[in-house]
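Chains as they are written, first to last, in my numbering: chain A, 2 to 436; chain B, 2 to 436; chain C, 2 to 436; chain D, 2 to 436.
A virtual CB, placed ideally from N, CA and C, is assigned to each residue, including glycine.
4 protein chains.
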Amino acid sequence: MDDFLSGIERVRYEGPDSTNPLAFRYYDPQRIVLGRSMAEFFRFAVAYWHSFTWPGSDMFGPGTFARPWQAANTMENAERKADVAFAFIERLGAPYFCFHDADAAPLGETLDEAARNMDRIAGVFERKMQQTGIKLLWGTANLFSHTRYMAGAASNPDPAVFAYAAGQVKIALETTHRLGGANYVLWGGREGYETILNTDIGQELDQLGRFMNMVVEHKHRIGFRGAILIEPKPCEPTKHQYDFDAATVAGFLRNYGLEREVKLNLEVNHATLAGHTFEHELAYAGSQGLLGGIDVNRGDPQNGWDTDQFPNSVADWVLALWFVHKAGGLGTGGFNFDAKVRRQSIDAADLFHGHVGAMDLCARALLIVERLLEDGSLRRFVEDRYGGWRSGFGADILAGHMSLADAAARAHAAAAPQPRSGRQEYLENLVNRFA
Amino acid sequence: MDDFLSGIERVRYEGPDSTNPLAFRYYDPQRIVLGRSMAEFFRFAVAYWHSFTWPGSDMFGPGTFARPWQAANTMENAERKADVAFAFIERLGAPYFCFHDADAAPLGETLDEAARNMDRIAGVFERKMQQTGIKLLWGTANLFSHTRYMAGAASNPDPAVFAYAAGQVKIALETTHRLGGANYVLWGGREGYETILNTDIGQELDQLGRFMNMVVEHKHRIGFRGAILIEPKPCEPTKHQYDFDAATVAGFLRNYGLEREVKLNLEVNHATLAGHTFEHELAYAGSQGLLGGIDVNRGDPQNGWDTDQFPNSVADWVLALWFVHKAGGLGTGGFNFDAKVRRQSIDAADLFHGHVGAMDLCARALLIVERLLEDGSLRRFVEDRYGGWRSGFGADILAGHMSLADAAARAHAAAAPQPRSGRQEYLENLVNRFA
Amino acid sequence: MDDFLSGIERVRYEGPDSTNPLAFRYYDPQRIVLGRSMAEFFRFAVAYWHSFTWPGSDMFGPGTFARPWQAANTMENAERKADVAFAFIERLGAPYFCFHDADAAPLGETLDEAARNMDRIAGVFERKMQQTGIKLLWGTANLFSHTRYMAGAASNPDPAVFAYAAGQVKIALETTHRLGGANYVLWGGREGYETILNTDIGQELDQLGRFMNMVVEHKHRIGFRGAILIEPKPCEPTKHQYDFDAATVAGFLRNYGLEREVKLNLEVNHATLAGHTFEHELAYAGSQGLLGGIDVNRGDPQNGWDTDQFPNSVADWVLALWFVHKAGGLGTGGFNFDAKVRRQSIDAADLFHGHVGAMDLCARALLIVERLLEDGSLRRFVEDRYGGWRSGFGADILAGHMSLADAAARAHAAAAPQPRSGRQEYLENLVNRFA
Amino acid sequence: MDDFLSGIERVRYEGPDSTNPLAFRYYDPQRIVLGRSMAEFFRFAVAYWHSFTWPGSDMFGPGTFARPWQAANTMENAERKADVAFAFIERLGAPYFCFHDADAAPLGETLDEAARNMDRIAGVFERKMQQTGIKLLWGTANLFSHTRYMAGAASNPDPAVFAYAAGQVKIALETTHRLGGANYVLWGGREGYETILNTDIGQELDQLGRFMNMVVEHKHRIGFRGAILIEPKPCEPTKHQYDFDAATVAGFLRNYGLEREVKLNLEVNHATLAGHTFEHELAYAGSQGLLGGIDVNRGDPQNGWDTDQFPNSVADWVLALWFVHKAGGLGTGGFNFDAKVRRQSIDAADLFHGHVGAMDLCARALLIVERLLEDGSLRRFVEDRYGGWRSGFGADILAGHMSLADAAARAHAAAAPQPRSGRQEYLENLVNRFA
């Protein structure tokens, strides 16, 4: 650990003029923005999997990172990994971390073994959390890597796999509860299909709906007060994933009576893969009261896979944070870096560059959003545009006081509606004035 | 008209060995397949807009077709168009047609004018339908071309545009009712946004939900017994369309209490644009009891726009019809050719080639589905795969009799679940054996 | 004209603190950056087609703009259009314009008529150019809209169409020459195919190669000293366009002996459609000595069609201008706004917002590039990375002094090469520090 | 080995009516089609990597296959793998195999070790090839998996990596020569860049050009008479790969004087990723005399990654083989199955299903092409379409006898060219009549 991080100091806020690549120029944790400290607004979390478990592999080559603790998947190495992880997060200055069960400790081949190892690593985590003040944003169970899940976890044709998944989630949820986790996340990486030829979609959706209800019931049984979050993604690893995007999951939740129990953890790259902008997903989830958390990263708009790069577009995050703010924030959720440094970024310094740049970029975007809100032009433009619906026959229509025939009669009698410019170029320039 | 179609005879079934490019080799309307005549299974419809109104234009050039009745948008030309259209459909041997109000007759600049012209063309249609036996599969209103709809119809920021749209739908729905139409379709081409900067998604969705309810209420008021169908599409002409795909519309319907009143009209090319296979959309809609109709065409998998080509892959349609059959058919819906010949296909003969090839391809695919069903292997494979959920603890889980802890306990006690091959290659070969 | 532009004043540079949406905050034409004035670095041009000819139509609706001079395609309206266009460009303060023959004047149905009308409008342009000081960046011929070109111009199966295209290019090239145009551009919108079933690719490429050579020979014959530029695009309107991307055109030029005669005019959106970043196309063309001009716009990364929006990402243009600078600039070429305001942006003010925002964004990006160059870190990083090739056996290899066996022998004898971080995150942060 | 293949017999031709899923229905090796036996036309090869080395892993989970010889990368396991591989290929009845050096034997960490192991496994291969009659279609070197190649092989910023790659290719090329290989293939998986920020494209292209020349020179030095083939791919694993597509590689070859020495090995899925149809790539390469081999597989048109599935569309292969035939075949090249069974297809039987289905599908497509050629309509249609270029002024233009002014003068004097239908729908139906 000491070797790995040697030569890298605690990252500090040095202000916009700093040329130190390992300093923050905008992220000043205690600075109050829009009524909260930056630290509290973002609740930044470092992801255990990408930063400490992934070895730098891709589909055409094994790991390039040569981290000592990755040599074998043992409990001893799990503890060494925890040493490095907490030391890294502390020097970075992020207040939270997130983990999958399988990244925290080896799960073995039986649930009993998984339970024992999770219990032991939870003890390690507790000590480290106490020593460093780092908190848990969320935990989750890896229900997609093991061969048993190759045809799905909750949506598996074999009920025994569903039961195994239930066992794994029970352990992960209870471990999250024990560690004071703020949320619990479900990502259904294999909850979908490879070929529709061997698949009964209705059957699988019912299994998934039942599973989610069982998780929610268990959460209440054990008194876990964090949010349960589902993370949409359209595909990869499967050909089609049931949690395709925000609107699909919203419909699923309503269909299985979960719309008041589960919220969404939205990931930038998953929005892109579904053919949406990230701000669309945020705005949609916000409009439905379902926004619960964010996985920060970026994909490559020109391919269809999950590159999980660190963000580097300020402009994108201005829009994202605009809609997070409009939605009233994330509740118990936060901003988790579900991002990995590139396979060629083999040094510890690269891991810092990735996180420091991303935290700073988010902070810079937030300061821009603050100024956009102070200016007020953008918000007013939108309010004015829909003004006709707040009174008169617009309000009557929305209130259900007019039939189709009533509305038609009004249109027959009225003058032709006049087109009004949507002012897209003006609005884009307006945002750029602040960005 | 006579000039336009001169030299082209009634298209007839001549059997698989025919080399006549303007004969059917598989589509034999009276042949009984899966318990119904082919004619009744498909209920093929010709689309008024692509085949008789679109002039062969694209974004980089005006029309190439030089059809005489397209010279000016007058009532006189509307009648000449009806002459050609019904003559074409009769010679083709399709039992149905579909229309937009704007394609049937000029709508003018006021609702009164639209009502008058629609009334007059409806009289023309009535006579022609009686003479030829051609029926109306569905009518719809064009709420996307006119400048007034540039920012949406029901989702427009201006309530006056909403009212105008209501007026137009009232006329189109009543005209459809008068003509004995089997369904009424809503396609929200502009119900979406160009830039999220000027848009309030929640507000617009509420407007759209109210509009749909008003349409459904009016349908019942006038005693129209056909289905109301929404046609999903993810984008184009807008950046984002609210009726993104089948799952999104299903969620929308539940959210606004419409899930028993409205079904889906699915289009191949729209599935593709949403990142789905067409069979996925069909299987999903079928699993939710929402499958109501089909727009037959194909897109280009390598671009992101709506090419609306005639289908030419038998294999694709085998899968599509497999899931239509699994869903129990389309109810009052049918197979409408929302397809246009290429801009270079300037002759009347090309219009026949497009339709004849497509009808024949669908028929050929249906005969293959019949043989696949008789063989039974594919269906049995899927049933067997999920067998574990029909009894034992699988059934208990689905029935809600087991908690997360119960399922977990079972998994702790049980032997490790054994992976089972998904047999994708075998299944693909199996289907190819019949195709 | 006066009506159209009424109320809009000359756009002026007001500095970064201006809140006037119709002022420049960064574009200060006389400011010297990297050794040249901004005006001379960019040579901004307004595109006649998008800004004055396109009516606001899309595939699902006709024009929304209702510009008076678009009511009919007459010479009288062509002159009214010229009035508006030059007045607009003058108030905007752009130094150049670009035109297609078909946008400048009606081409009629014969070449004689086209020649007469082009001659007349050229006289109008000459007067206006003299009055305003506005210059011609380039002219081009529209070889894609008319029905005769539906199957290609130079690549048409019919030699008579090739000859007609030759006639049209002759007029357009000579008109460009007469007006002192700095370049002449060829965009092969229909030079490709709709279906490979009816196409002989080798034959069509030979036709295209011959056509280009004829154009180059004619240029020399008439003494035109501007550059001949080809604009790559992968598809749309055709299924496949032969001038797919920069690398494809580079190969084409070499194959037909044109690599010293023709350069590339690169468009942002066309890069995107080909699956490239714009900076890739610029860097590639620069590396081959083929960079000749730029069409400024942006596409939507999430669809596959040519949205031609005005740019709004400063960060994207920092990268683009970085590689333009590395390539040594554009020679006689410039930055043409091949961009159109959205269909809902119906006011004259929107046309200004589009151009003002885009010019300012480019200027802002240029100032950032200047600072990146002054800093030197980015350039040095890349130079250092390839340092091993400038001496020793690296230089020997490139010079052709080592065989495969020689290199292999060296590797057998040498220590294992050591991986070195690519520092992607550091470099991205570095650029963001200046952006 | 015996365990692995137990219960699976030699696959035999049983004719179209067979319902045996592990029999050929169309692939009858000795049947003469278009003048050659099917066996000789296709020269089918099994890929060592996907079928025997890949463990069933994806980015979200490790291998599912549990093949005994994959437990550790040792020479002993390499020999066990060879046992299984040759037994499999023999039972399948494919005449060829293909391999990467790294798949054949462990390459260790030094070139000396690689040379020793390759020598030893070549001895094993020689014995097995003699025993079974199986031949080598091509060999290749894996220059993309090892960490040393993370930033490229020939295009690496470090000349020492270039030299190591030279060493590895020397061994692989000489091993291919020793085994009587029919071709040698180069696939530049890492010859591209991850971020253009740290990349000098011109420099890297020059390195690549020099490397290819060194390989060609070595081929001649050792007397290898097979073809050298480059396999284009646009991206993955890199962000951008220099060998983007057929046209890009053709331009590269001309630029570095290699156009008579190197041909193209085209892969279906790589065409798709580059935004092309496979038939486009074949037709283009054929038109340039560069078609040298085929990697048979399919991608998913709805994502952007390399799924390498076995083909299952007869219609696609009819088009592909049509253009292979038009190009005069593949010369020394063949049809290699660069395809892998799905991660859930864990049984040996699945490996047979994948290959049997694919070989049969290709054979079926070839029989259809034979009938299309006998019919002659398609070929004649295309010839007629370009008839105007074979005489008269069309021929004069192509021969360089007409200037732009000559062609223009002809067009001024001639009647307007008449548009002629492209007949796309007719041609699509025509092909479907035979398919």
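Got a sec: does the ligand NAD put a non-hydrogen atom nearer than 6 Å to the Cβ of F100/D? Although the ligand NAD was asked about, the structure shown includes no ligands whatsoever.
Of the choices I398/C, L428/C, A400/C and I202/C, whose alpha-carbon is the least far from that of R386/C? If you number the third sequence from 1, residue 386/C lands on position 385. When each option's Cα is compared against that of R386/C, the closest is L428/C.
Short-range partners of chain D found in the region 289-306 of chain A, where Cβ spacing is below 9 Å: D301, Q303, N304, G305 and W306
When we look at the beta-carbon of V432/A and count the other beta-carbons within 10 Å, is it buried (16 or more) or exposed? Within the first sequence, the letter at position 431 stands for residue 432/A. Classification of V432/A: buried, given that the 10 Å Cβ count is 16 or more.
Count the CB pairs spanning the region 147-164 of chain D and the region 376-396 of chain C that are closer than 8 Å, and state whether there are at least three. yes
Looking at D102/C and N143/C, is the spacing between their C-beta atoms short of 7 Å? Numbered from its first residue, the third sequence carries residue 143/C at position 142. Numbered from its first residue, the third sequence carries residue 102/C at position 101. Yes. Within cutoff.
Which partner residues does Y194/D have in the DSSP bridge list? In the fourth sequence, the residue the question calls residue 194/D occupies position 193. Bridge partners of Y194/D: H241/D.
Closest Cβ-Cβ distance between P420/D and chain C: below 7 Å? For the purposes of this step, residue 420/D is identified with residue 419 of the fourth sequence, where counting begins at 1. Yes, because at least one Cβ of chain C sits closer than 7 Å to the Cβ of P420/D.
Using a threshold of 7 Å, state whether the C-beta atoms of H354/D and N430/B are closer than that. For the purposes of this step, residue 354/D is taken as residue 353 along the fourth sequence, with counting starting at 1. For the purposes of this step, residue 430/B is taken as residue 429 along the second sequence, with counting starting at 1. The answer is yes: Cβ separation under 7 Å.
Could you tell me whether the region 226-240 of chain C touches the region 228-238 of chain D, where touching means 3 or more Cβ pairs closer than 8 Å? no
Indicate whether at least one CB of chain A lies closer than 7 Å to the CB of S346/D. The count along the fourth sequence starts at 1 and reaches residue 346/D at position 345. No - not a single Cβ of chain A is within 7 Å of the one on S346/D.
Express the C-alpha separation of L320/B and Q132/B in angstroms, rounding to a whole number. Taking the first residue of the second sequence as 1, we reach residue 132/B at position 131. Taking the first residue of the second sequence as 1, we reach residue 320/B at position 319. If you take the alpha carbons of Q132/B and L320/B, they lie about 37 Å apart.
Closer than 9 Å by beta-carbon distance: list the chain C residues that pair up with K240/B, in chain order. The count along the second sequence starts at 1 and reaches residue 240/B at position 239. Here the neighbours are D301, Q303, N304 and T308.
Have a look at D104/D and A83/D and give me their C-alpha separation to the nearest angstrom. Here residue 104/D corresponds to residue number 103 of the fourth sequence, with the count starting at 1. Here residue 83/D corresponds to residue number 82 of the fourth sequence, with the count starting at 1. Straight-line Cα distance between these residues: approximately 10 Å.
Mind checking E260/A: buried by the 16 CB within 10 Å criterion, or exposed? Counting from 1 along the first sequence, the entry for residue 260/A is found at position 259. With 16 or more Cβ atoms within 10 Å of its Cβ, E260/A is classed as buried.
Distance between H221/C and R211/C (C-alpha atoms, nearest Å): By 1-based counting over the third sequence, the position of residue 211/C is 210. By 1-based counting over the third sequence, the position of residue 221/C is 220. Distance between the alpha carbons of R211/C and H221/C: 16 Å.
Of all Cβ atoms in chain D, is any one closer than 7 Å to the Cβ of V263/C? In the third sequence, the residue the question calls residue 263/C occupies position 262. Not one chain D Cβ lies under 7 Å of V263/C.
Give the interface partners of I398/A over in chain B, defined as CB-CB distance under 7 Å, in chain order. For the purposes of this step, residue 398/A is taken as residue 397 along the first sequence, with counting starting at 1. Correct list: P160, F163 and R211.
Beta strand (DSSP E) segment containing F87/D, residue limits: Position 86 of the fourth sequence holds residue 87/D. That residue, F87/D, is in no beta strand (DSSP E); its alpha helix (DSSP H) goes M76 to L93.
Nearest-angstrom Cα distance between T20/D and N184/D? Looking up residue 20/D in the fourth sequence gives position 19. Looking up residue 184/D in the fourth sequence gives position 183. In a straight line, the C-alpha of T20/D is about 37 Å away from that of N184/D.
Which chain E residues sit within Cβ distance under 7 Å of C236/B? Considering every chain present, this structure includes no chain E. Its protein chains are A, B, C and D.
I want to verify the contact list: residues of chain C whose CB lies under 7 Å from the CB of F61/B, in sequence order. On the second sequence, position 60 is the one that residue 61/B refers to. The answer, in chain order, is F145, S146, G190 and P238.
For F225/D, which residues from the same chain have a beta carbon less than 6 Å from its beta carbon, with the 5 sequence-adjacent residues on both sides left out? Numbered from its first residue, the fourth sequence carries residue 225/D at position 224. Contacts found: H178.
Ignore the nearest five residues each way along the sequence and tell me which others in T200/B's own chain have a CB closer than 8 Å to its CB. Here residue 200/B refers to the residue found at position 199 of the second sequence. Once the five neighbours on either side are set aside, the close Cβ partners of T200/B are Y194.
Which residue comes first and which comes last in the alpha helix (DSSP H) that contains I223/C? Taking the third sequence and counting its residues from 1, one reaches residue 223/C at position 222. Run containing I223/C: I202 to I223, per the alpha helix (DSSP H) assignment.
So, do the region 19-37 of chain B and the region 67-85 of chain B have three or more beta carbon pairs nearer to each other than 8 Å? no
Among S7/D, G8/D, L6/D and M39/D, which one has its Cα closest to the Cα of Y14/D? Taking the fourth sequence and counting its residues from 1, the one referred to as residue 14/D is at position 13. Ranking the options by Cα distance to Y14/D, first place goes to M39/D.
So, for T278/A: in the same chain, excluding its five sequence neighbours on each side, which residues have a beta-carbon less than 7 Å away from its beta-carbon? The sequence position of residue 278/A within the first sequence is 277, counting from 1. These residues qualify, in order along the chain: A272.
Indicate whether G290/B and L265/B have their beta-carbon atoms separated by less than 7 Å. Against the second sequence, residue 290/B aligns to sequence position 289. Against the second sequence, residue 265/B aligns to sequence position 264. Not in contact: G290/B and L265/B (Cβ atoms no closer than 7 Å).
In the DSSP assignment, find the beta strand (DSSP E) that holds Y185/A and state where it starts and stops. For the purposes of this step, residue 185/A is identified with residue 184 of the first sequence, where counting begins at 1. N184 to L187 is the extent of the beta strand (DSSP E) around Y185/A.
Rounded C-beta distance between R26/C and D361/C? I'm assuming under 8 Å. On the third sequence, residue 26/C is found 25 positions in, with the first residue counted as 1. On the third sequence, residue 361/C is found 360 positions in, with the first residue counted as 1. Right, the Cβ-Cβ distance comes to about 6 Å (below 8 Å), so this counts as a contact.
Does any C-beta atom of chain D lie closer than 7 Å to the C-beta of Y427/B? In the second sequence, residue 427/B corresponds to position 426, counting from 1. Cβ-Cβ to chain D under 7 Å: yes for Y427/B.
Does the distance from the CB of L352/C to the CB of V342/C come in under 7 Å? The residue you call residue 352/C lines up with position 351 of the third sequence. The residue you call residue 342/C lines up with position 341 of the third sequence. Yes. Within cutoff.
According to DSSP, is M2/B helix, strand or coil? By one-based count along the second sequence, residue 2/B stands at place 1. With a pLDDT of only 49 at M2/B, under the threshold of 50, the placement of this residue in the model should not be trusted; the figure read from the coordinates follows. If DSSP states are grouped into helix, strand and coil, M2/B belongs with coil.
So the candidates are E205/C, E77/C, R424/C and R365/C; which of them puts its Cα closest to the Cα of F253/C? Here residue 253/C refers to the residue found at position 252 when the third sequence is read from its first residue. When only C-alpha atoms are compared, the closest one is E205/C.
Work out the CA separation of A86/A and M2/A for me, nearest whole Å. What you label residue 2/A is simply residue 1 of the first sequence in a count that begins at 1. What you label residue 86/A is simply residue 85 of the first sequence in a count that begins at 1. Unreliable placement is indicated for M2/A, whose pLDDT of 49 sits below 50; no coordinate value is reported for it.
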